[in-house]
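Enquirer: For the sequence shown, my numbering assigns the number 28 to the initial residue and increments by one for each residue that follows.
Built from N, CA and C at the ideal position, the CB exists for glycine as well.
Got a structure here, written out as structure tokens. Questions coming.
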Amino acid sequence: MSVMRVMVVLVCGATFVQAQEAKDETRLGWTNETELSLVLTGGNSTARTFGFGNTLRHVWDAARLQVRLNGIRTETSGDRFLRTNPGIKFPVGGFPEAANTTLVRPNPEPDVENYLVSGRYDRDISKRLFWNAGGGWDRNSDAGLLNRYVVFGGLGNIWRDSETVHFSTTYAVSYTDREEATRNPEKADRFGGARLGWDYVNRFGGGTVYENDFTTNINMKKASDYSLNMVNALGVSMSDHLSLRISMQLLFENEPALEDIDIIARAELVDPDGMLGSGDEFFETVTSGGSRSIIGRGRIHKDRLDSIFRTALVISF
Numbered sequence: 028m029s030v031m032r033v034m035v036v037l038v039c040g041a042t043f044v045q046a047q048e049a050k051d052e053t054r055l056g057w058t059n060e061t062e063l064s065l066v067l068t069g070g071n072s073t074a075r076t077f078g079f080g081n082t083l084r085h086v087w088d089a090a091r092l093q094v095r096l097n098g099i100r101t102e103t104s105g106d107r108f109l110r111t112n113p114g115i116k117f118p119v120g121g122f123p124e125a126a127n128t129t130l131v132r133p134n135p136e137p138d139v140e141n142y143l144v145s146g147r148y149d150r151d152i153s154k155r156l157f158w159n160a161g162g163g164w165d166r167n168s169d170a171g172l173l174n175r176y177v178v179f180g181g182l183g184n185i186w187r188d189s190e191t192v193h194f195s196t197t198y199a200v201s202y203t204d205r206e207e208a209t210r211n212p213e214k215a216d217r218f219g220g221a222r223l224g225w226d227y228v229n230r231f232g233g234g235t236v237y238e239n240d241f242t243t244n245i246n247m248k249k250a251s252d253y254s255l256n257m258v259n260a261l262g263v264s265m266s267d268h269l270s271l272r273i274s275m276q277l278l279f280e281n282e283p284a285l286e287d288i289d290i291i292a293r294a295e296l297v298d299p300d301g302m303l304g305s306g307d308e309f310f311e312t313v314t315s316g317g318s319r320s321i322i323g324r325g326r327i328h329k330d331r332l333d334s335i336f337r338t339a340l341v342i343s344f
């Protein structure tokens, strides 16, 4: 899958954070963090990768609001090729001269699109119990998911909330409306579901933060139709205003979308008596070599698991 190309990329990140310190998680008011990445290649290969992330938070005495935006878009050009110039004449059964060609460099086209927009509001009922409501939209073109809208509401528990460790769990009912590139009649486009998740933050010393965010959404009418989203992130402070953050996101669909693909055959001509035209010739398929032909279209399932690795240089103010 193209999004899984090994990208060990130094991301030029711009993160604007309002006076971040270890105790900022409980500070009242607004905070905002923005991350931007850009990778460009040229010459023999042309590719552009754009990454964007933004987390906006507001904390009240007994409530919290969080809005997140994340996106990855990769544009890749196809292989270069030589195109025969127009107006050249050649005989039937022949070919135009190879010299009468022009080199074509295809323009980059979208190859990977992965977007997520989500929001959640939490309101405390007691010190350890809260209710929440929210919604989101996401797209993962490589996984065959064009649009998925989810709204939810439920309860949550705060199991620990100290200066170094925060851990909470949530349980909600949800409603999902999704659109896949190839419709699967065995899957519902709209369904009510159960949504479970947790948020875990652990601060080590004064400059290292580990975060784990997990969410699952389950179709209540068909339990095998569920999705998982987990983000593991580690941030290391290099100075008062500079830190490095790496993360790994795992996206799992237990019933992935369908994909229509070409059925390709490679075959070699076999002539038992060694005399072409005698009528006993036949083609036999082989794993490599021979002639390549597209003989039809087939339908398969996408891979269940996608993984996205990010690295970012974070500047804080």
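Which residue or residues does DSSP assign as beta-bridge partners of Leu55?
Expert: Numbered from its first residue, the sequence shown carries residue 55 at position 28. Per DSSP, none; premise fails for Leu55.
Enquirer: Can at least three beta-carbon pairs, one atom from the stretch 268 to 284 and one from the stretch 321 to 337, be found at a separation below 8 Å?
Expert: Enough Cβ pairs lie closer than 8 Å, so yes.
Enquirer: Using 9 Å as the threshold, is the C-beta distance between Asp240 and Gly224 below it?
Expert: If you number the sequence shown from 1, residue 240 lands on position 213. If you number the sequence shown from 1, residue 224 lands on position 197. Taking 9 Å as the Cβ cut-off, Asp240 and Gly224 qualify as a contacting pair.
Enquirer: Three or more beta-carbon pairs under 8 Å between the stretch 182 to 202 and the stretch 145 to 158, yes or no?
Expert: Cβ pair count under 8 Å is three or more, so yes.
Enquirer: Check each candidate in Asp188, Glu206, Thr191, Leu255 and name the one with the smallest Cα separation from Ala221.
Expert: Taking the first residue of the sequence shown as position 1, residue 221 is located at position 194. Per the Cα distances, Leu255.
Enquirer: When DSSP labels each residue in this structure, what does Ser153 get in the three-state scheme?
Expert: Taking the first residue of the sequence shown as position 1, residue 153 is located at position 126. Of the three classes helix, strand and coil, the one that applies to Ser153 here is coil, per DSSP.
Enquirer: In this structure, does DSSP put Ala170 in helix, strand or coil?
Expert: One-based indexing of the sequence shown puts residue 170 at position 143. In this structure, Ala170 counts as helix in the three-state DSSP scheme.
Enquirer: Mind reading off the beta-carbon distance from Asp289 to Arg326? Whole number of angstroms is fine, and I expect it under 8 Å.
Expert: On the sequence shown, residue 289 is found 262 positions in, with the first residue counted as 1. On the sequence shown, residue 326 is found 299 positions in, with the first residue counted as 1. Actually they are not in contact, since the Cβ atoms of Asp289 and Arg326 sit about 11 Å apart, beyond 8 Å.
Enquirer: Determine the closest residue to Gly345 out of Arg166, Glu102, Thr101, Thr128, with distance taken between C-alpha atoms.
Expert: Residue 345 cannot be examined here, being either before or after the span of the chain that is shown, 28 to 344.
Enquirer: Could you tell me the alpha carbon to alpha carbon distance between Val192 and Ser168, rounded to whole angstroms?
Expert: Numbered from 1 along the sequence shown, position 165 holds the residue referred to as residue 192. Numbered from 1 along the sequence shown, position 141 holds the residue referred to as residue 168. Distance between the alpha carbons of Val192 and Ser168 is about 36 Å.
Enquirer: Report the three-state DSSP secondary structure of Thr128 (helix, strand or coil).
Expert: Walking along the sequence shown from the start, residue 128 turns up at place 101. DSSP places Thr128 in strand when its eight states are reduced to three.
Enquirer: Closer than 6 Å by C-beta to Gln45: which residues in its own chain qualify, once you throw out the five before and the five after it? Chain order, please.
Expert: Within the sequence shown, the letter at position 18 stands for residue 45. Unreliable positioning characterises Gln45 in this predicted model, as indicated by a pLDDT of 33, which lies under 50. A coordinate reading is not provided.
Enquirer: Assuming Thr103 is part of the beta strand (DSSP E), what are its boundary residues?
Expert: The residue given as residue 103 occupies position 76 in the sequence shown. From DSSP, the beta strand (DSSP E) with Thr103 extends over 90 to 103.
Enquirer: Keeping to the same chain, check which residues put their C-beta closer than 6 Å to that of Gly78; ignore five residues upstream and five downstream.
Expert: Mapped onto the sequence shown, residue 78 falls at position 51. Cβ within range, chain order: Ser64, Ile99.
Enquirer: Pull up the distance between the alpha-carbon of Ile321 and that of Asp188, whole angstroms please.
Expert: Position 294 of the sequence shown, counted from the first residue, corresponds to residue 321. Position 161 of the sequence shown, counted from the first residue, corresponds to residue 188. Distance between the alpha carbons of Ile321 and Asp188 is about 60 Å.
Enquirer: By a C-beta neighbour count over all protein chains shown, 10 Å radius and 16 as the cutoff for buried, is Leu143 buried or exposed?
Expert: The count along the sequence shown starts at 1 and reaches residue 143 at position 116. By the neighbour-count rule (16 or more Cβ atoms within 10 Å), Leu143 is buried.
Enquirer: Return the CA-CA distance between Arg337 and Gly301, expressed in angstroms with no decimal places.
Expert: Working through the sequence shown from its first residue, we reach residue 337 at position 310. Working through the sequence shown from its first residue, we reach residue 301 at position 274. Those two C-alpha atoms are separated by around 59 Å.
Enquirer: So what's Asp298 in DSSP terms, helix, strand or just coil?
Expert: Numbered from 1 along the sequence shown, position 271 holds the residue referred to as residue 298. Correct three-state label for Asp298: coil.
Enquirer: DSSP three-state call for Asn239: helix, strand or coil?
Expert: Translated into positions along the sequence shown, residue 239 becomes position 212. Correct three-state label for Asn239: strand.
Enquirer: What three-state label does DSSP hand Gly40 in the structure shown?
Expert: For the purposes of this step, residue 40 is taken as the residue at position 13 of the sequence shown. Note that Gly40 scores a pLDDT of 37, beneath 50, so its modelled location is shaky; the value from the coordinates is reported in the next line. Correct three-state label for Gly40: coil.
Enquirer: Pick out whichever of Arg217, Ser145, Asn81 has its Cα sitting closest to the Cα of Lys249.
Expert: Translated into the one-based positions of the sequence shown, residue 249 becomes position 222. It is Arg217.
Enquirer: Taking the beta carbon of Gly323 as the centre, do at least 16 other beta carbons fall within 10 Å, making it buried, or is it exposed?
Expert: Here residue 323 corresponds to residue number 296 of the sequence shown, with the count starting at 1. Exposed is the call here.
Enquirer: Rounded to whole angstroms, what is the Cα-Cα separation between Gly162 and Asn97?
Expert: As a working mapping, residue 162 is identified with position 135 in the sequence shown. As a working mapping, residue 97 is identified with position 70 in the sequence shown. Approximately 15 Å, taken between the alpha carbons.
Enquirer: Using 9 Å as the threshold, is the C-beta distance between Thr197 and Val177 below it?
Expert: As a first step, residue 197 must be located in the sequence shown, where it is residue number 170. As a first step, residue 177 must be located in the sequence shown, where it is residue number 150. Against a cut-off of 9 Å, the Cβ pair of Val177 and Thr197 comes out as no contact.
Enquirer: Residues in its own chain within less than 6 Å of Gly234 by CB, not counting five upstream and five downstream?
Expert: As a working mapping, residue 234 is identified with position 207 in the sequence shown. Closer than 6 Å at Cβ, skipping near neighbours: Ser264.
Enquirer: Can you check which of these residues, Thr111, Glu190, Asp88, Leu92, is closest to Thr82 by C-alpha distance?
Expert: To locate residue 82, count along the sequence shown from 1; it is residue 55. Closest by alpha carbon: Leu92.
Enquirer: How long is the line joining the alpha carbons of Phe231 and Leu269, rounded to whole angstroms?
Expert: For the purposes of this step, residue 231 is taken as residue 204 along the sequence shown, with counting starting at 1. For the purposes of this step, residue 269 is taken as residue 242 along the sequence shown, with counting starting at 1. Those two C-alpha atoms are separated by around 17 Å.
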